[in-house]
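Beneath this line is the structure, given in structure tokens, with notes to follow.
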Amino acid sequence: MKEKEKKELKKIKDQIKELYPDQHLDLSFIQDVELARRALFLAKKGLKKEFLVRCVKIEIEKRKNGWDVFDRIKFWNNYFNAAPSFVFKGGKSDEEMVNI
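Numbering (my numbering), first residue to last: 14 to 113.
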């Protein structure tokens with residue numbers, strides 16, 4: 014990885030961590046700028062920390078299996094359209110969802 018990419022990757026990871034100030038967030042599994050940008054997008058959408066990590070790890074695994082850009086777009090569009098409110102910051106908790 015070039016020095017410029019390393020700096021950009023660190024900058025993006027720092028931006029993500031700023032969105033989760035009160036939580037320890039290990040982003041060492043994010044090794045490329047494109048994936049870091051996607052994680053930042055998810056963080057800005059308001060995903061809770063555990064769901065952010067899960068989604069990024071899903072994408073890493075899918076890339077290993079030959080995911081193309083259209084598969085990714087379809088997955089993320091479906092994810093955000095079908096995601097229950099508790100996956101987002103400020104959304105209802107699991108217990109609140111059960112009691113509805």
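A virtual CB, placed ideally from N, CA and C, is assigned to each residue, including glycine.
Relative to the alpha-carbon of LYS61, which residue among ASN90, ASP35, GLU72 has its alpha-carbon at the smallest distance? Numbered from 1 along the sequence shown, position 48 holds the residue referred to as residue 61. With distances taken between Cα atoms, LYS61 lies closest to ASP35.
Tell me the residue span of the alpha helix (DSSP H) that contains ILE25. The residue given as residue 25 occupies position 12 in the sequence shown. Segment 16 to 32, the alpha helix (DSSP H) holding ILE25.
May I have the straight-line CA-CA distance separating ASP39 from PHE88, to the nearest angstrom? As a first step, residue 39 is located in the sequence shown; it is residue number 26 there, counting from the start. As a first step, residue 88 is located in the sequence shown; it is residue number 75 there, counting from the start. ASP39 and PHE88: Cα-Cα distance of roughly 24 Å.
Could you tell me the distance, in whole angstroms, from the CA atom of SER41 to the CA atom of TRP80? The residue given as residue 41 occupies position 28 in the sequence shown. The residue given as residue 80 occupies position 67 in the sequence shown. Cα-Cα distance, rounded: 22 Å.
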